[in-house]
Structures are given as structure tokens and as C-alpha cells.
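**Student:** Under numbering that gives the first Met the number 0, the very last position in the sequence shown is 511; numbers go up by exactly one each time.
Every residue gets a Cβ at the ideal spot worked out from N, C-alpha and C, and that includes glycine.
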Amino acid sequence: MIIENGFVFDGTGAPWTKTDVAVKGDRIKAIGNLKDMSAERRIDATGLYVSPGFIDPHTHAGDGLVKAELGGAEPLLAQGLTTVVVNPDGGGGSAGTDTVNIADQRQKLLSHGVGVNVAQLVPHGMVRRLVMGDVDEHASEEQLDKMRELVRKGMQDGAFGLSSGLFYVPGSFADISEIVELGKVVGEFGGLYTSHIRDESDYSIGLIPSVDEVIKVAREAKIPGVVTHVKALGPRVWGFSEAVTQRIEQARADGVEMWADQYPYEASKTGLSSALIPRWAMAGGTSKMLENLKDTAALDKMRPEIETNLERRGGAERIQLANFSPDTSLEGKLLSEISESRGKSPVDTTIELLIEAKGQIGIVSFNMLTSDVVSFMNKPWRMTSSDGDLVPMGEGVPHPRVYGTFPRMIAKYSRDDNLVPLATAIHSMTGLPATVHRMKDRGFLMTNMYADITIFDLKEVKDMATFTEPHQLAKGMKYVFVNGKLAVDEANYKDIRKGRVLNRNGEDFVRE
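1) Would D451 and V481 qualify as a contact pair, given that the criterion is a beta-carbon distance under 8 angstroms?
2) Our contact map puts G190 next to M154 with C-beta atoms below 8 angstroms; I'd like the distance itself, whole angstroms only.
3) Short of 8 angstroms in beta carbon distance, which residues of its chain neighbour G95, apart from the five on each side in sequence? Order them along the chain.
4) For L75 and A60, which I take to be in contact (beta-carbon distance under 8 angstroms), what is that distance rounded to the nearest angstrom?
5) Helix, strand or coil for N291? Go by DSSP, reduced to three states.
6) Mind reading off the beta-carbon distance from E140 to V179? Whole number of angstroms is fine, and I expect it under 8 angstroms.
7) Expressed to the nearest angstrom, what Euclidean distance is found between the alpha-carbon atoms of A13 and V121?
8) Looking only at its chain, what residues have a beta carbon closer than 8 angstroms to the beta carbon of V213, apart from the 5 residues adjacent to it on each side?
9) What is the rounded straight-line gap between the Cα of H137 and the Cα of I175?
10) Using CA atoms only, rank isn't needed, just tell me which of R400, S163 and A490 is closest to I42.
11) Mind pulling the alpha helix (DSSP H) runs of 4 or more residues that sit fully within the segment 395-465?
12) Whose C-beta lies closer than 7 angstroms to the C-beta of L109 among residues of the same chain, with five residues either side of it excluded?
13) Is N491 helix, strand or coil by DSSP?
14) Assuming T327 and S338 make a contact with CB atoms under 8 angstroms, what is their CB distance in whole Å?
15) Can you check which of these residues, I27, R441, H398 and G475, is closest to P263 by C-alpha distance?
16) What residue ranges within the segment 345-370 form continuous beta strand (DSSP E) runs of no fewer than 3 residues, ordered along the chain?
17) Which class does E304 belong to by DSSP, given the choice of helix, strand or coil?
18) Could you spell out where the beta strand (DSSP E) holding T383 opens and where it closes?
19) Could you tell me which of A297, S267 and K293 sits nearest to W279, measuring between CA atoms?
20) So, L334 versus A321, is the Cβ gap smaller than 8 angstroms?
21) For my contact list, D25 and Y449 are in at a C-beta cut-off of 8 angstroms; report their separation, rounded to the angstrom.
22) When you compare only the Cα positions, how much space is there between T295 and P345?
23) Excluding the five sequence neighbours on either side, which residues of its own chain have a C-beta within less than 7 angstroms of the C-beta of D488, listed in chain order?
24) Are there 16 or more other CB atoms within 10 angstroms of the CB of Q249, so buried, or fewer, so exposed?
25) Does DSSP classify G70 as helix, strand or coil?
26) In angstroms, rounded to a whole number, what distance separates the CA positions of K287 and F239?
27) Does the separation of the CB atoms of D55 and L33 fall below 8 angstroms?
28) Once DSSP output is grouped into helix, strand and coil, what is the label at V184?
29) CB R235 to CB V184, shorter than 8 angstroms?
30) Along the beta strand (DSSP E) that carries Q319, what are the first and last residues, could you check?
31) Which residues does DSSP pair with P223 in a beta bridge?
32) Decide yes or no for the touch test of the segment 437-448 against the segment 403-420: beta carbon pairs closer than 8 angstroms, at least 3 of them.
33) Span of the beta strand (DSSP E) holding E3?
34) Under the DSSP definition of a beta bridge, which residues are partnered with A29?
35) According to DSSP, is G164 part of a helix, a strand, or is it coil?
36) Between V115, L309 and R127, which lies nearest to D201 when the distance is taken from Cα to Cα?
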């Protein structure tokens with residue numbers, strides 16, 4: 000196929016050029032004036048923008064992609080995505096350990112095919128849970144050796160690096176020296192380290208020392224470090240974006256390879272327990288937390304800490320339930336609304352809800368300052384990411400980033416608000432994440448690169464998902480190629496599942 004007369008971004012951050020692109024097999028065959036080249040099909044891209052396929056460096060879509068009914072990845076392709084990086088946040092507080100086995104997860108992905116390419120990370124929290132459980136202890140040398148072995152096996156099986164969630168149990172119980180040692184294993188394979196930092200507010204050690212922890216791992220393990228979904232969470236740290244920036248840029252000036260990714264929203268998503276319950280009450284896992292929530296002595300100690308954590312997030316009026324299986328009518332409602340309807344304080348309502356849901360409640364938390372979001376967004380070391388899930392259409396009230404992150408970056412922050420040049424926005428979701436993760440032959444529109452290509456109408460690009468009605472596919476993506484095959488053709492989704500599981504060590508894994 001030949002794509003004709005498009006405004007072509009090459010992914011480097013350079014402005015577009017008006018040119019043609021030829022695709023043959025799974026690669027880009029040629030770029031230039033191709034009017035005399037024969038082709039089975041010619042796509043007229045006049046007035047459209049042609050870009051490398053978008054890459055999401057931080058997504059929880061892995062849990063969905065392993066399911067046959069979601070593996071086609073329509074919500075991702077509708078955003079122009081062709082590659083996603085999964086297993087972030089060290090496992091993100093998940094109760095399972097299946098993502099530790101990189102080869103097993105890969106097999107599940109390939110068994111029914113995936114609509115996008117998938118790069119895997121080894122999740123530290125799940126590794127630690129497998130070796131130590133959810134205990135609040137530092138690892139012994141023997142336990143550390145077992146963790147090294149699991150991380151090494153994951154890297155040998157093709158993972159791109161190590162992720163941690165030091166905010167979550169059990170990662171929160173790890174000393175940073177533990178991460179440094181595991182980072183050294185990752186360094187043997189040329190991988191990277193990406194972290195949901197220990198504290199994005201002032202829960203424990205504070206925002207700035209938490210960024211310093213990522214820098215410490217990157218420096219001592221001699222690997223790239225990523226502060227993932229970078230933010231200043233809650234009124235107590237609003238305005239701290241400049242201090243975070245100073246830390247990252249000073250590290251880079253010192254020769255430490257530091258990066259960040261960010262989603263273009265002022266609200267985050269996490270678990271209600273992770274946001275409000277003190278870590279000591281979560282040691283031992285969900286069952287122990289539920290015991291503490293029913294214990295009078297434990298509750299007397301816990302209540303003031305929950306109150307303080309509510310204050311950190313700006314109050315109950317800034318917390319919205321995303322999923323609540325005991326009563327789905329509460330999904331999408333604010334904690335303040337639920338508290339008022341029950342005639343109880345937000346603290347007691349939190350305790351009650353967690354007991355009712357057996358600890359499993361997702362929330363959307365409106366906790367960021369616009370100026371901080373924009374400040375991070377304009378940094379050359381910042382990648383666009385979603386931090387989104389992949390869920391069945393209509394299930395719960397998820398964060399709209401699940402459906403709208405990448406079109407929102409283009410439509411709101413580049414086209415409408417004119418805060419980020421379009422070429423810079425495209426670079427942040429193509430060439431930059433490919434470079435940071437050392438993805439071979441992806442992220443750029445150049446001859447012999449893989450033909451992951453997104454073609455969009457800048458006038459029509461729009462994120463349709465809202466915080467109250469999130470289950471809406473994005474608009475404006477006219478064509479999306481995944482490994483040379485059209486997965487979106489004239490804005491119509493095709494469930495062809497030509498994605499691959501990428502291999503950090505060599506040839507990618509392809510469905511047989």
C-alpha cells in the first residue's frame with residue numbers, strides 16, 4: 000500500500016513534511032514522491048496527518064489483553080495506539096502473581112492474538128509477594144537472591160525492565176536498596192526501571208525524596224529511570240512540579256538517564272484502600288486489612304489517619320467510586336455524596352464501603368493542579384501515557400483515560416489550547432517512548448522500520464470519554480496499521496489481531 004499526500008511526522012519531534020509512505024509486508028518500504036511506484040492500494044491522505052503508531056509506556060491493559068474477548072484492543076486502536084507497555088507499578092497492588100511469569104503471560108496473549116504490540120515489564124511488587132508475602136520487613140539476602148532469580152528469568156524471557164509500585168503493598172515495605180540490587184540485574188540486559196514512586200504527596204517520605212529514590216536506582220544500577228505518571232498529588236504539594244523538574248534535570252546534567260511519563264488529566268485512579276488506609280493496617284494483605292477494619296482498637300488508631308489521607312486528596316468531594324460490585328448504583332458517585340446519603344462521616348463511610356466490597360474498590364481522585372499538569376507536559380523528557388485499564392464496555396465507571404488519553408493530548412493540549420506543539424505531542428507518544436524502552440525498529444516513520452502507522456484527521460480528533468460517561472471510543476483516527484496490516488480502515492475497526500509480543504533480547508514473538 001501507498002499512503003499519498005499526507006502531512007508526515009517522523010516521530011523525532013521534527014515538523015511534518017508532505018510526502019508519501021509505502022508499506023510492504025510488515026515494514027515501511029519507502030518514503031518520498033512515490034507517484035510512479037505501483038501498489039495494490041493507494042490511500043489518499045490529503046489533509047490528514049500521518050504518524051508512527053502511538054506507544055503507551057504505562058498501561059494496565061495487560062489484564063484485559065490476555066482475555067480473548069478483549070484481546071482485539073478496539074479502545075486502544077481507536078486512540079491510534081499500536082504498542083503498549085504492560086505490568087507497571089510493580090503489579091499495582093494486584094492480589095495475583097501471574098505477571099511474574101513473563102513467558103506464561105506472553106503465551107496467554109498470543110494464544111488468541113492481540114490487536115496491538117505488547118512490551119512487558121517484570122513487576123517488583125508481585126515478585127516480592129511471591130517470595131515474601133505482604134510482610135512489612137526488609138528482604139534477607141536469601142530472599143533477595145530469590146527475587147534476583149525471578150527478575151533475571153523475566154529479563155531472559157524478553158521483558159524490557161523492572162517496574163515498582165513503592166506506594167502500594169507490598170512494594171511499600173521494600174527498602175530502596177532492594178530495588179537497586181534488582182535494578183543491577185535488569186542492567187545486565189540493558190533494561191530500564193519505571194516506578195510509581197513511594198509518595199506522590201506527603202503520605203510518608205514525601206514527593207521530592209520519592210523522586211530521589213528513582214534517581215538513586217538509575218544512578219547506582221546504571222540503568223534508565225522513569226518517574227511514572229508524574230504528578231503532584233493533593234493540595235499539600237500543589238506547585239511542586241518545578242522542584243520535581245529541578246531534580247530530574249539535575250540528574251540528567253549529572254549523566255543519570257532520567258525520564259517521566261504522564262497522563263493528560265487532573266484526576267488519578269487508584270484503590271480506595273491504597274488512597275486512604277494506612278500501610279500498617281494493610282500489612283498481611285487484604286484479609287488482614289479487613290480484620291483491622293472490624294477491630295475497635297485498630298479503628299481507633301486508623302480513623303485519624305484516614306481523615307488525614309482524605310485531607311491529602313482534597314476531601315471526600317474529590318473522590319469518585321469507579322467500581323463497587325455490591326451496589327453498582329454507587330459507581331460514578333462521589334464519596335461525599337454517599338456519606339451524606341448514609342448519614343455518616345466520610346471516614347466511617349470509607350470503612351463501611353471497604354468492608355462491603357471486601358476491600359476491592361477503585362476510585363477516581365480529582366487531586367491535581369492544572370499548572371502542575373501543564374508544567375510537566377512541556378518537558379522534553381516527558382512521555383504521554385494512559386495508566387489505563389482495558390475493561391468490557393459498560394463495566395463500572397473507569398477513568399476516561401482508558402478511552403481518551405492520546406486523542407486528548409492532541410486535541411485539547413495541542414490543537415485547542417495550543418500548549419504543546421503538535422510535533423512535540425507526537426514525539427512524546429512515538430519516538431520518545433520507543434527510544435526510552437530501546438524498542439527495535441519502532442516509534443519512527445523511516446524506511447525499514449516496522450509499519451506501525453496512525454493516520455488521523457486533526458479537525459476530528461476528540462476524546463469522547465468523560466468522568467461520568469467514560470465508555471465512549473475516541474474519534475478521528477482514520478487508519479491504523481499494526482505491523483503493516485490495517486486494523487482501522489476508513490475509521491472502521493477490524494479485529495485482525497496482528498500485534499506481537501515484543502522481545503527485548505531479539506526477534507519478537509508472533510502468534511503461530
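**Tutor:** Here's the rundown:
1) yes
2) 6 angstroms
3) The predicted model places G95 with a pLDDT of 44, which falls under 50 and marks its position as unreliable; any figure quoted below should be read in that light. Excluding residues within five positions, the ones whose Cβ falls inside 8 angstroms are M125.
4) 7 angstroms
5) helix
6) About 14 angstroms separates the two Cβ atoms, so there is no contact after all.
7) 33 angstroms
8) Y192, S194, I196, G224, V225, V226 and M257
9) 10 angstroms
10) A490
11) 400-407, 421-427 and 430-435
12) V500, F508 and R510
13) strand
14) T327 to S338, Cβ: 18 angstroms. No contact.
15) H398
16) 361-365
17) helix
18) R381 to T383
19) A297
20) no
21) 6 angstroms
22) 18 angstroms
23) Y478
24) exposed
25) coil
26) 35 angstroms
27) no
28) helix
29) no
30) I318 to N322
31) Paired residue(s): none; P223 is not in a bridge.
32) no
33) I1 to V7
34) A21
35) strand
36) L309
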